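There are 2 protein chains.
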Amino acid sequence: METILPKFDSVFSIDCVIFGFDEGELKILLIERNVEPFKDWWALPGYLVEQEESLDNAAERILYELTGLKGIYMDQFYTFGDVNRHPQGRVITVGYYAMIRLSGNKDLKPAPITNYAKRAVWTPLGDLPKLAFDHDKIFGRAFDKIRNKISYQPIAFELLPEKFTLTQLQHLYEVILNKKLDKRNFRKKMLNYGILKELDEKQKGVSYRAAKLYKFDKRKYARLFQKELSFGK
Amino acid sequence: METILPKFDSVFSIDCVIFGFDEGELKILLIERNVEPFKDWWALPGYLVEQEESLDNAAERILYELTGLKGIYMDQFYTFGDVNRHPQGRVITVGYYAMIRLSGNKDLKPAPITNYAKRAVWTPLGDLPKLAFDHDKIFGRAFDKIRNKISYQPIAFELLPEKFTLTQLQHLYEVILNKKLDKRNFRKKMLNYGILKELDEKQKGVSYRAAKLYKFDKRKYARLFQKELSFGK
DNA sequence: AATATAGTGTGTATTTTTTACACTAAGTAA
DNA sequence: TTACTTAGTGTAAAAAATACACACTATATT
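Read top to bottom, the protein sequences are chains R and G.
Here numbering that gives the first Met the number 0 is used: the first residue of the first sequence is 0, the next is one more, and so on.
Here numbering that gives the first Met the number 0 is used: the first residue of the second sequence is 0, the next is one more, and so on.
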């Protein structure tokens, strides 16, 4: 006995939730759609997966084509498969997210390969418009994911410039977690992880006492957090 | 401008990793395939998603059809989309897992709706054969997921009979985490969660001192673990 | 030169959580 | 009655989390 797979034209898609942090605000990258359905609406960068590409590769390609952002590594967080989530048919979409350093990626243009997006814009979470399709829901789940993850793994460094102050780091945490943290306890905890390198350099251009700059030590981070989360003996 | 979605015959599938605990062993539910490809191989219960059904519904239906297990709520853990994961074409599969109480579900028969599976068998993790497709990888990720999750959320109760002893619970943790735990500390911690009801009843049929039985208090559990994981002030 | 301003940077005591560790009690089997 | 097997229990020490306030320093302003 043999099963023949039905013919198919892959109708699965990827949607990307790309977080950035700029001017003290958390932002995500949205595109303005240039095609129906939802023409002229704002949406997460997302498109159909090609026949011959893996999901991870598709995510990277699609993000590039729609926003010009190149070589971004993303993680899956959830797959959305409600029957009516797309008005033209059944489309299952895999949600990917990334947190990236916004500096240098401020000006974005969709790659001129498609005309699918008019433009890509960093949008503060506070100003999010109603999004196309079920993208509000997809965004919500991505945000839950990072909020949850950051509370047990210091993942936020990806969002900051290469050199940052502890106060900047703390602000970022406060924005993601949506609550104020205690300065002394925060510093103690972050420095105790041992994944920050203190630099011989200070903040510049501020009209008050300049703060020390720090760098994130990727190697120590990897060593620390690839280990299992402990349950103890 | 308008995009027409390509026609499609949904070629996405669901694969289920169902954990059970029996005779002191962790087991998963495997089917013996009755169709090509991989006819006669062992595989995770999994099949194609229908046009008009959500992923969650598909998961439940497929599990029922292939194993006879009815009404099991499962969670997604990852979506697998490598290009060549299926020998007959591009199939993206969404991984679902559940931990269930094995008692009463020991004897399983595929529902006589399909002839896709010859039988469904609880297989100890220690005796897993090489599985069809990339199911080894899918299983591995599911196992990582529960191992990780149990270290910050006491999810293991689902695996035990309704009434259980603390020693049974501890054994289960030890099996999942693959390390010995300290009896006194384990009890202290579990009882402190406040999600166990001590019963006026003891174990029966053992040839040594009978242990107290406990029940899992779902309401208190829900109250406790829907709250955010804390970062502190 | 003096002053105002705004954020930097630091320590300690308390509480909570985690860890380490070993013996007696209770029930069954012979 | 004795031997055997698992149940059940407490305490001290260490580590982590929390609560809390003031002096310092760089710049801008007068």
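Backbone N, C-alpha and C define an ideal beta-carbon position, used for all residues, glycine too.
Here the structure is a predicted model, which means the values were calculated and not measured.
By the rule that beta-carbons nearer than 7 angstroms mark a contact, R/Asp126 does not touch chain G.
Taken in chain order, the members of the stretch 90-114 of chain R whose beta-carbon sits within less than 8 angstroms of a beta-carbon on chain G are Val90, Ile91, Val93 and Asn114. R/Gln167: not part of any beta strand (DSSP E); member of the alpha helix (DSSP H) spanning Leu165 to Leu176, first to last residue. When C-beta distances to chain R are compared with 7 angstroms, the residues of the stretch 61-86 of chain G below that value are Gln75, Tyr77, Thr78, Gly80, Asp81 and Val82, in chain order.
Between the stretch 71-90 of chain R and the stretch 115-124 of chain R, the count of Cβ pairs shorter than 8 angstroms is below three; the stretches do not touch. In the DSSP assignment, R/Thr66 falls within the alpha helix (DSSP H) that extends over Leu54 to Thr66.
Of all residues in the stretch 40-51 of chain R, those with a C-beta nearer than 9 angstroms to a C-beta of chain G are Leu47, Val48, Gln50 and Glu51, reading in chain order.
In terms of Cα proximity to R/Leu43, the closest of R/Gln50, R/Glu51, R/Leu28 and R/Asn56 is R/Leu28. Look at R/Leu127 here: in three-state DSSP terms it is coil, with no helix or strand label. Inter-segment contact for the stretch 48-61 of chain G and the stretch 142-149 of chain G is absent: fewer than three beta-carbon pairs are separated by less than 8 angstroms. For G/Phe132, there is no enclosing beta strand (DSSP E), since its DSSP letter is neither H nor E. Residues Asp14, Ala42 and Leu43 of the same chain have their beta carbon placed closer than 7 angstroms to that of G/His134, with the five preceding and five following residues left out of the count. Judged by their CB atoms, G/Ile112 and G/Glu35 are not nearer to each other than the 7 angstroms cut-off.
Shown here, R/Ile145 sits in a helix according to DSSP, grouped into three states. Of all residues in the stretch 146-175 of chain R, those with a C-beta nearer than 9 angstroms to a C-beta of chain G are Arg146, Asn147, Ile149, Ser150, Tyr151 and Tyr172, reading in chain order. For the pair G/Ala57 and G/Met73, the CB atoms are not nearer than the 7 angstroms cut-off. Contact between G/Leu195 and G/Phe215 holds, since their C-beta atoms are separated by about 6 angstroms, short of 8 angstroms. Closest in C-alpha terms to G/Val93, from the list G/Glu200, G/Leu212, G/Arg186 and G/Ser12, comes G/Ser12. Residues of chain R with a Cβ closer than 9 angstroms to the Cβ of G/Leu54 are, in chain order, Thr78, Phe79, Gly80, Asp81 and Ile91.
Closer than 7 angstroms to the CB of G/Phe142 there is not a single CB belonging to chain R. C-alpha of R/Lys201 to C-alpha of R/Met189: approximately 19 angstroms in a straight line.
For G/Phe11, the enclosing beta strand (DSSP E) begins and ends at Phe11 to Asp21. Counting the other CB atoms within 10 Å of its CB gives R/Tyr207 a total below 16, which places it among the exposed residues. Judged by their CB atoms, R/Val10 and R/Val90 are nearer to each other than the 7 angstroms cut-off. Beta-bridge annotation (DSSP): R/Lys211 is paired with R/Lys201. For R/Leu198, the closest C-alpha among the options R/Tyr172, R/Arg186, R/Tyr220 and R/Glu161 is that of R/Glu161.
Between R/Phe138 and R/Val48, the C-beta gap is not smaller than 7 angstroms, which leaves the two residues out of contact. Residue state for G/Met73 is assigned as coil, using DSSP reduced to three classes.
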